[in-house]
Amino acid sequence: MELQEKIESLFQELNFERVIVNGTSLLFHGGNYYKITFVKGLNSYVIEFARSYDEAVKNMFEDGDVYPISLGEDKLINELRHDLINFYMK
Numbered sequence: 008m009e010l011q012e013k014i015e016s017l018f019q020e021l022n023f024e025r026v027i028v029n030g031t032s033l034l035f036h037g038g039n040y041y042k043i044t045f046v047k048g049l050n051s052y053v054i055e056f057a058r059s060y061d062e063a064v065k066n067m068f069e070d071g072d073v074y075p076i077s078l079g080e081d082k083l084i085n086e087l088r089h090d091l092i093n094f095y096m097k
């Protein structure tokens, strides 16, 4: 399984819902909207979030945490899981 698929599986495991806002696929949980994007220049995944539907519609996402590929797949997934549970899902 590729890293992107592992990340997607993690969001499913944590009961994030896949939604479409303005034609963009986002993740929804607890009233917040999330997207995780690979940023080539950083060689990292970045989680971004909007605190409301209105912010998501206006594409007003705040940068969250950065997960560099250099961590390795297992550590990246474990850190992402930890952060989602302890910071984003609260």
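For what it's worth, our numbering labels the leading residue of the sequence shown as 8, then goes sequentially. Yeah, the Cβ is synthetic: ideal placement off N, Cα and C, and Gly gets one too. Model, not experiment: these values are computed from the prediction.
Within 9 Å, strictly: CB atoms of residue i and residue j
i   : j   : result
F56 : N39 : yes
L21 : I84 : no
T78 : E69 : The amino acid at residue 78 is misidentified as Thr; the sequence shows Leu. No, the pair does not count as a contact, with Cβ atoms beyond the cut-off.
D61 : D90 : no
Cβ-based burial, residue i [other Cβ within 10 Å; buried from 16]
i   : result
I76 : exposed
F94 : exposed
Straight-line Cα distance separating residue j from residue i
i   : j   : result
N41 : I54 : The displayed chain sequence assigns Tyr, not Asn, to residue 41. Taking the straight line from one Cα to the other gives about 7 Å.
I27 : M96 : 20 Å
N66 : I43 : 14 Å
E12 : H36 : 19 Å
First through last residue of the beta strand (DSSP E) which encompasses residue i
i   : result
L34 : T31 to H36
Y41 : N39 to V46
Where the alpha helix (DSSP H) containing residue i begins and where it ends
i   : result
N85 : E80 to D90
Three or more C-beta pairs closer than 8 Å, one from the region 44 to 51 and one from the region 19 to 33: is that the case here? no
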